[in-house]
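Since the structure comes first, as structure tokens, the remarks are kept for the end.
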Amino acid sequence: MVLTEEKLKMMYKQKKIDRLVIDEGTILTPSARQFLNERGIELVSEIGKSSSEIKEKESEKDNTQDIKIKYKGVNGEVYVDKPEYMTQIYGNVLVKKDNKRIVFRGKIDSLQAKWLVLSKEFENSKNINLVKDLESVEKFIKKILVSEVLGEALGDVEVLSYNLDQIKEVSHNPNKYFKRGHLFDISKKEDVIVLKLNELRTYSRETEISAIEAFVKENGVIERKDLLTALNRMSSVIYIMMLKGAVGEYGNR
Numbered sequence: 006m007v008l009t010e011e012k013l014k015m016m017y018k019q020k021k022i023d024r025l026v027i028d029e030g031t032i033l034t035p036s037a038r039q040f041l042n043e044r045g046i047e048l049v050s051e052i053g054k055s056s057s058e059i060k061e062k063e064s065e066k067d068n069t070q071d072i073k074i075k076y077k078g079v080n081g082e083v084y085v086d087k088p089e090y091m092t093q094i095y096g097n098v099l100v101k102k103d104n105k106r107i108v109f110r111g112k113i114d115s116l117q118a119k120w121l122v123l124s125k126e127f128e129n130s131k132n133i134n135l136v137k138d139l140e141s142v143e144k145f146i147k148k149i150l151v152s153e154v155l156g157e158a159l160g161d162v163e164v165l166s167y168n169l170d171q172i173k174e175v176s177h178n179p180n181k182y183f184k185r186g187h188l189f190d191i192s193k194k195e196d197v198i199v200l201k202l203n204e205l206r207t208y209s210r211e212t213e214i215s216a217i218e219a220f221v222k223e224n225g226v227i228e229r230k231d232l233l234t235a236l237n238r239m240s241s242v243i244y245i246m247m248l249k250g251a252v253g254e255y256g257n258r
């Protein structure tokens, strides 16, 4: 890691120090070293080397023109190479892999993977409606994934031939649209497609919770309301497919 003057100033502002311990292999820019010298801050590496030893070691690296900085962190730190425990959140900006947005990306990626497996299993189904609906939801999931990664607005969404407001209406009123009640008593007696859809419906709820953790901040600020709305409807979309399966629209298997 390359430690810059800007990063040191941030650290010093948070807490006045007279001794700085750095990781082995950390490189200080000349301006960062000057900042430490001006304030009389002793520089020590984690393995116990003194500032004079570190200075001797880094004398070969003091010319920052020879240092090619490839990445930066959200707090201003810069990196020559990407640490194994970090990943790019956007552009060349790195965060730890347990960052909440990265965790969410993993969840939506897994949901897409699971949905593709389900679609593959039923791709040769003679029921055109089932194949069409599976493809519609697949596109919906992919649109959410791409929107988050690229930082672009989700835009208008149509899935199962409904917009998101209609999805809410249909899923909340099965008697009106499917002439049956809610699937509160679902059991192994249901067709396999209904059971498989139910499994993915529960996983979509986990994905939604992950998005809430990523985009609803502790100070009350809500980011990506479009994605939160879409993910709230995701489980409803799958539930509508379950209702279709339960009333025989997808045939029997």
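The opening position of the sequence shown corresponds to residue 6 in the working numbering, with each subsequent residue numbered one higher. All C-beta atoms in this analysis are idealised placements derived from N, C-alpha and C, irrespective of residue type, glycine included.
_Below 8 Å on the Cβ atoms is my contact criterion, and I expect Leu159 with Ile149 to pass it. Report the Cβ-Cβ distance as a whole number of Å._
7 Å
*Rounded straight-line distance, which links the Cα of Thr212 to that of Pro1*: Since the displayed the chain opens at 6 and closes at 258, residue 1 lies outside it and no answer follows.
_Residues sharing a beta bridge with Lys101, DSSP_ = Met91
*asked:* Per DSSP, what are the beta-bridge partners of Val83 in this structure?
replied: Val7, Lys77
*asked:* For Asn104 and Ile217, what's the separation of their Cα atoms in angstroms?
replied: 13 Å
*asked:* Assuming Gly156 and Val199 are in contact, meaning their beta carbons sit under 8 Å apart, how far apart are those beta carbons, in whole angstroms?
replied: Gly156 to Val199, Cβ: 37 Å. No contact.
*With hydrogens ignored, establish whether the beta-carbon of Gly111 is closer than 7 Å to any heavy atom of the ligand GDP.*
Ligands displayed in this structure: none; no statement on the ligand GDP is therefore possible.
*Assigned exposure category for Arg24 - 16 Cβ within 10 Å defines buried*: exposed
*Rounded C-beta distance between Tyr208 and Asn134? I'm assuming under 8 Å.*
Actually they are not in contact, since the Cβ atoms of Tyr208 and Asn134 sit about 23 Å apart, beyond 8 Å.
*What's the gap between the Cα of Lys21 and the Cα of Gly96?*
33 Å
*CA-to-CA distance, Glu153 to Tyr244, given in whole angstroms*: 24 Å
*Do Arg238 and Ile172 have their C-beta atoms closer together than 8 Å?*
yes
_Endpoints, the beta strand (DSSP E) within which Ile227 is located_ = Neither: Ile227 is in no beta strand (DSSP E) and is coded neither H nor E.
*Starting from the Cα of Lys201, find the closest Cα among Ile32, Phe109, Leu116, Leu8 and give me that residue.*
Leu116
_Between which two residues does the beta strand (DSSP E) holding Arg24 run?_
24-27
*Could you name the residues that DSSP lists as bridge partners for Glu47?*
Arg24
*Looking only at DSSP bridge pairs, what is Leu33 linked to?*
Leu8
*Do Leu232 and Leu123 have their C-beta atoms within less than 8 Å of each other?*
no
*Going along the chain, which residues of its own chain have a beta-carbon closer than 7 Å to the beta-carbon of Phe109, five neighbours each way excluded?*
Ser215, Ala216, Ala219
_Contacts around Lys12, its chain only, beta-carbon distance under 6 Å, and the 5 residues preceding and following it disregarded_ = Gly81, Glu82
*Taking only the alpha-carbon atoms, compute the straight-line gap between Ile74 and Arg44 and give it to the nearest angstrom.*
26 Å
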